[in-house]
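Residue numbers (full-length UniProt numbering): 1 to 73. Ideal Cβ placement from N, Cα and C applies to all residues, glycine included. Report on the following structure.
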Amino acid sequence: MGSMVMCCDVISEVALNAELIDSQVEQLVALAEKCGVNYDGWGTYYEDPNGEEGDDEEEDGDFIDEDDDGKRH
Numbered sequence: 001m002g003s004m005v006m007c008c009d010v011i012s013e014v015a016l017n018a019e020l021i022d023s024q025v026e027q028l029v030a031l032a033e034k035c036g037v038n039y040d041g042w043g044t045y046y047e048d049p050n051g052e053e054g055d056d057e058e059e060d061g062d063f064i065d066e067d068d069d070g071k072r073h
């Protein structure tokens, strides 16, 4: 018999800024270790440059927090 595995995506919309992404990855790794979660890395989602505005499934708006320093938990 196999093992049960639960998985999820953690999604954050930020600029492609290496320092910010590195900082968030460090925070995720620390949180994953603390919670006993197997963190397998990050990736990006493709956005169709020819897609229509508002095609997203979620209706959370395009709010960008200018004061967001990327620090989580």
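Nearest candidate by alpha-carbon position, reference residue i, set the options
i, options, result
"residue 45", "32, 68, 33 and 15", "15"
"residue 42", "27, 69, 34 and 64", "27"
"residue 10", "67, 66 and 32", "32"
"residue 5", "49, 48 and 38", "38"
"residue 40", "51, 21, 1 and 8", "8"
Pairwise C-alpha distance: residue j and residue i
i, j, result
"residue 19", "residue 64", "18 Å"
"residue 17", "residue 35", "27 Å"
"residue 71", "residue 21", "10 Å"
"residue 49", "residue 13", "16 Å"
Collapsed DSSP secondary structure at residue i in the structure displayed
i, result
"residue 22", "helix"
"residue 31", "helix"
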